[in-house]
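J.: Listed in order, the protein sequences are those of chains A and B.
So the number in the working numbering is just where the residue sits in the first sequence, counting from 1, plus 615.
So the number in the working numbering is just where the residue sits in the second sequence, counting from 1, plus 8.
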Amino acid sequence: MKSIKITIIDYDVGNVHSVYNAISKLGYKNINVSSNEGQIKNSDCFILPGVGAFNKCIENFKLNNLDNILGEEVLVKNKPLLGICVGMQILATYGTENGYCEGLDWIPGVVDKIELKKSFRIPHVGWNSVNLNDSKIFSRLEKEPDFYFDHSYSFRCDEKYVDAKCNYGSEIISAVSNGNIYGVQFHPEKSQNNGLKLFRGFFNNV
Amino acid sequence: MLKKRIVGLVVAKGGIVVQSIKFREYLPIGKPKIAFEFLNNWGIDEIIYTEIEDQDEPNYDLIKKSTSKCFVPLTVGGNISKISHIEKLMKSGVDKISINSASIYNSNLIKKSSKIFGNQCIVVSIDISNVDGKYLIYNNKQRKVIDLKLDDYVKKVCDEGAGEILINSVELDGTYKGYDIDLAKKICNLTDIPVIFAGGAKSAKDFEKIFNLTNVAAAAAGNFFHFTEHSVIKSKSYLSDKIKIRINNRVNYKENKFDDRLRLSKKDDEILDDMLFIKIDDEII
């Protein structure tokens with residue numbers, strides 16, 4: 616196995632420990648949980664977890680000056696990044712949770728309340744089967760694997776950024792990418808072996 | 009397609025997992041870490057951990073240590089009354105938090121926490137007692153029913169930002185008598201958010217019944233899972249062709265037959281002979 620330096624971005628809103636547990640289960644030794652500039656500059660790839668409201672997450676993200684520090688590594692040096700749940704959502708242009716709020720605009724798109732028929736309950740929570748395209752990070756997964764979702768808002772963007780969708784009354788975008796920047800709406804760290812396989816697919820491309 | 013969830017309840021008293029009977033008797037089982045690890049390996053969809061002893065705040069260290077082998081969503085409840093408690097839990101490997109009595113006396117907590125952590129993170133847990141055919145809210149800290157109308161209360165917590173509701177029937181807790189189907193129907197009609205239902209499960213047939221008759225998103229069980237070997241996998245194998253559920257384990261009992269009480273029947277001798285020559289490789293991740 617390649618020895619890569621992984622940083623899980625800690626900006627006080629993520630379930631960083633869950634993500635750490637999952638990645639260390641895969642055997643990677645060099646994992647940091649941090650928002651420290653030196654640490655980030657010294658890493659090969661990044662996981663951006665996120666649990667919480669869009670506006671709160673982006674506020675904390677900017678408070679730690681991560682838009683500049685991480686931006687340099689991801690946008691200029693092209694290091695791979697995987698955003699999870701709200702960590703994926705804040706990659707969008709803007710969000711509407713608790714009012715209009717600008718995102719990072721690293722993957723052009725909008726995050727808005729899930730629109731559903733009456734019989735479907737919000738939040739969209741639980742295990743749903745996901746239709747994948749042939750993105751490299753899915754290389755270890757079988758067709759239509761189950762992943763754990765837990766969200767009330769979802770990503771909308773141009774089809775060219777969409778890597779996976781699931782069905783919950785209407786289609787929900789479940790994974791997006793733009794070059795070296797990846798985002799998944801579900802929680803791989805909480806999706807048992809399917810989640811671990813997704814992480815492996817991501818790290819194998821670093 | 010969203011799957012129905014099978015949830016494992018882990019109830020702890022002072023950090024020791026216990027078997028709970030009718031909210032009154034508690035028998036020790038063991039460490040939370042072991043319970044999480046086993047439930048995870050058996051393919052549970054989600055775990056809800058509740059500390060029932062009165063403490064100033066949750067035991068973050070214990071939880072952090074216990075989650076190292078838990079790769080399914082974990083909800084933690086008990087002694088959560090401040091935003092700072094939730095913050096620390098979220099850093100300890102917890103995915104959702106469940107609020108019970110704090111949401112009765114401090115409605116700001118749901119509002120504030122759902123704004124900060126998102127409403128998908130906030131599970132409101134309600135213990136319900138059936139007193140002479142009337143459903144009343146039970147407060148475990150005061151050990152009595154309280155003067156609040158159930159319908160109003162459920163609507164209130166949903167308006168305040170609850171993401172899910174966890175219902176437990178006090179009289180059925182730990183009795184193996186089956187779920188209170190009427191109560192489950194009633195709660196599902198009161199709210200649009202997902203309902204997790206607990207109290208009285210004895211076997212997979214109880215899961216089948218509640219999913220067929222009501223709209224609950226998840227069925228939960230505690231004692232039944234702890235005391236039966238491979239309980240989760242067996243239950244899911246039984247349910248797999250009846251209810252839309254998640255089967256993710258390579259180990260399953262799909263080819264096995266069950267007797268009336270859902271115990272495994274012995275395989276034919278021929279099949280057992282053949283099994284000697286089947287090589288099963290480890291799953292590569």
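From the three backbone atoms N, C-alpha and C, an ideal C-beta is built for every residue, glycine too.
To which residues of the same chain is residue 766/A closer than 7 Å at the C-beta, ignoring the five residues directly before and after it?
T.: Translated into the one-based positions of the first sequence, residue 766/A becomes position 151. Same-chain partners within the cutoff: 700, 738, 739, 800.
J.: Which parts of the region 715 to 783 of chain A are runs of the beta strand (DSSP E), unbroken and 3 residues or longer, counting only runs that do not cross its ends?
T.: Taking only runs of at least 3 residues, the beta strand (DSSP E) segments lying wholly in the region 715 to 783 of chain A are 725 to 728, 739 to 747, 761 to 766, 768 to 771, 777 to 783.
J.: Less than 8 Å between the CB atoms is what I'm expecting for residue 136/B and residue 191/B, so what's the real figure, rounded?
T.: Within the second sequence, residue 136/B is the residue found at index 128, counting from 1. Within the second sequence, residue 191/B is the residue found at index 183, counting from 1. That pair is a contact at about 6 Å.
J.: Expressed to the nearest angstrom, what Euclidean distance is found between the alpha-carbon atoms of residue 273/B and residue 264/B?
T.: Counting from 1 along the second sequence, the entry for residue 273/B is found at position 265. Counting from 1 along the second sequence, the entry for residue 264/B is found at position 256. Near 7 Å, if we compare the C-alpha coordinates of residue 264/B and residue 273/B.
J.: Where do the N-terminal and C-terminal ends of the beta strand (DSSP E) with residue 205/B fall, by residue?
T.: In the second sequence, counting from the first residue as 1, residue 205/B sits at position 197. Per DSSP, residue 205/B belongs to the beta strand (DSSP E) from 203 to 206.
J.: For residue 807/A, which residues in chain B fall below 8 Å Cβ to Cβ?
T.: Here residue 807/A is taken as the residue at index 192 of the first sequence, counted from 1. Those within 8 Å of residue 807/A in chain B are 48, 51, 79, 80, 256.
J.: Do the region 788 to 798 of chain A and the region 677 to 688 of chain A make contact, defined as three or more Cβ pairs closer than 8 Å?
T.: Cβ pair count under 8 Å is below three, so no.
J.: I need the straight-line Cα distance from residue 109/B to residue 166/B, nearest angstrom please.
T.: If you number the second sequence from 1, residue 109/B lands on position 101. If you number the second sequence from 1, residue 166/B lands on position 158. Cα-Cα distance, rounded: 15 Å.
J.: Check each residue of the region 210 to 233 of chain B: if its Cβ is closer than 8 Å to any Cβ of chain A, include it; give the result in chain order.
T.: 225, 226
J.: Is the separation between the beta-carbon of residue 697/A and that of residue 797/A shorter than 8 Å?
T.: On the first sequence, position 82 is the one that residue 697/A refers to. On the first sequence, position 182 is the one that residue 797/A refers to. Yes.
J.: Report yes or no: is there a C-beta of chain A within less than 8 Å of the C-beta of residue 9/B?
T.: On the second sequence, residue 9/B is found 1 positions in, with the first residue counted as 1. For residue 9/B, the answer is yes, since a Cβ of chain A falls inside 8 Å of its Cβ.
J.: Where do the N-terminal and C-terminal ends of the beta strand (DSSP E) with residue 36/B fall, by residue?
T.: On the second sequence, position 28 is the one that residue 36/B refers to. Segment 33 to 38, the beta strand (DSSP E) holding residue 36/B.
J.: What separation, rounded to the nearest whole angstrom, lies between the Cα atoms of residue 51/B and residue 693/A?
T.: To locate residue 51/B, count along the second sequence from 1; it is residue 43. To locate residue 693/A, count along the first sequence from 1; it is residue 78. Near 37 Å, if we compare the C-alpha coordinates of residue 693/A and residue 51/B.
J.: Which residues, in chain order, does the region 126 to 160 of chain B contribute to contact with chain A at a C-beta distance below 9 Å?
T.: 126, 127, 128, 129
J.: Please tell me whether residue 2/B and residue 206/B are closer than 8 Å, where the distance is taken between their beta carbons.
T.: The structure shown does not extend to residue 2/B, since chain B is modelled only from 9 through 293, so no value can be given for it.
J.: In the DSSP assignment, what residue or residues form a beta bridge with residue 804/A?
T.: Stepping through the first sequence from its first residue, residue 804/A is reached at position 189. Answer is none; residue 804/A lacks a bridge partner.
J.: Can the beta-carbon of residue 668/A be found less than 8 Å from the beta-carbon of residue 124/B?
T.: Counting from 1 along the first sequence, the entry for residue 668/A is found at position 53. Counting from 1 along the second sequence, the entry for residue 124/B is found at position 116. Yes.
J.: I want to know whether the region 647 to 656 of chain A touches the region 38 to 50 of chain B - three or more CB-CB distances under 8 Å.
T.: Cβ pair count under 8 Å is below three, so no.
J.: Whole angstroms are fine: how far does the CA of residue 149/B sit from the CA of residue 731/A?
T.: Taking the first sequence and counting its residues from 1, one reaches residue 731/A at position 116. Taking the second sequence and counting its residues from 1, one reaches residue 149/B at position 141. Spanning the two alpha carbons is a distance of roughly 38 Å.
J.: Would you say residue 790/A faces chain B, with C-beta separation under 8 Å as the test?
T.: Position 175 of the first sequence holds residue 790/A. Output row for residue 790/A: interface = no.
J.: Measuring CB atoms only, is the region 194 to 203 of chain B touching the region 249 to 258 of chain B, in the sense that at least three cross pairs come out at less than 8 Å?
T.: Between the region 194 to 203 of chain B and the region 249 to 258 of chain B there are fewer than three inter-stretch CB-CB distances shorter than 8 Å, so the stretches are not counted as touching.
J.: Tell me where the alpha helix (DSSP H) around residue 653/A begins and ends.
T.: As a working note, residue 653/A is residue 38 in the first sequence. Unbroken alpha helix (DSSP H) run through residue 653/A: 652 to 656.
J.: Under 7 Å, CB to CB, which of the residues in the region 68 to 99 of chain B have a partner in chain A?
T.: 72, 75, 76, 79, 80, 81, 98, 99
J.: Quick check on the DSSP output: the alpha helix (DSSP H) that includes residue 196/B runs from which residue to which?
T.: Here residue 196/B corresponds to residue number 188 of the second sequence, with the count starting at 1. Run containing residue 196/B: 189 to 198, per the alpha helix (DSSP H) assignment.
J.: Thinking C-alpha only, which one of 734/A, 642/A, 727/A is nearest residue 814/A?
T.: As a working note, residue 814/A is residue 199 in the first sequence. Nearest option by C-alpha distance: 642/A.
J.: Output yes if chain A places a C-beta closer than 8 Å to the C-beta of residue 200/B; else output no.
T.: Taking the first residue of the second sequence as position 1, residue 200/B is located at position 192. By this cut-off, residue 200/B is an interface position.
J.: If residue 770/A sits next to residue 718/A, beta carbons under 8 Å apart, how far is it from one beta carbon to the other, in whole angstroms?
T.: The sequence position of residue 770/A within the first sequence is 155, counting from 1. The sequence position of residue 718/A within the first sequence is 103, counting from 1. Not really, about 10 Å apart at Cβ, beyond 8 Å.
J.: Along the region 649 to 679 of chain A, what residues have a CB closer than 7 Å to any CB found in chain B?
T.: For chain B, the residues of the region 649 to 679 of chain A that bring a beta carbon within less than 7 Å of one of its beta carbons are 666, 667, 668, 671, in chain order.
J.: What is the DSSP secondary structure of residue 229/B, counted as helix, strand or coil?
T.: As a working mapping, residue 229/B is identified with position 221 in the second sequence. It is a strand residue.
J.: Assign residue 113/B to buried or exposed, taking buried as 16 or more other Cβ atoms, counted over all protein chains shown, within 10 Å of its Cβ.
T.: Here residue 113/B corresponds to residue number 105 of the second sequence, with the count starting at 1. When all chains shown are included, residue 113/B counts as exposed.
J.: Short of 9 Å Cβ to Cβ, which residues in the region 735 to 749 of chain A face chain B?
T.: 735, 736, 737, 738, 739, 740, 741, 742, 743, 744
J.: Would you call the region 705 to 714 of chain A and the region 802 to 810 of chain A in contact, with 3 or more CB pairs under 8 Å?
T.: no
J.: Determine, using beta carbons only, whether residue 707/A comes closer than 8 Å to chain B.
T.: The residue labelled residue 707/A in the question sits at position 92 within the first sequence. Not one chain B Cβ lies under 8 Å of residue 707/A.
J.: Please tell me whether residue 62/B has its Cβ less than 8 Å away from any Cβ of chain A.
T.: Within the second sequence, numbered from 1, the residue matching residue 62/B stands at position 54. It does not; no Cβ of chain A falls within 8 Å.
J.: Chain B beta carbons: is any one of them nearer than 8 Å to that of residue 771/A?
T.: Your numbering for residue 771/A matches position 156 in the first sequence. Not a single C-beta of chain B is nearer than 8 Å to the C-beta of residue 771/A.
J.: Taking C-beta to C-beta, are residue 127/B and residue 169/B nearer than 8 Å?
T.: For the purposes of this step, residue 127/B is taken as residue 119 along the second sequence, with counting starting at 1. For the purposes of this step, residue 169/B is taken as residue 161 along the second sequence, with counting starting at 1. Yes.
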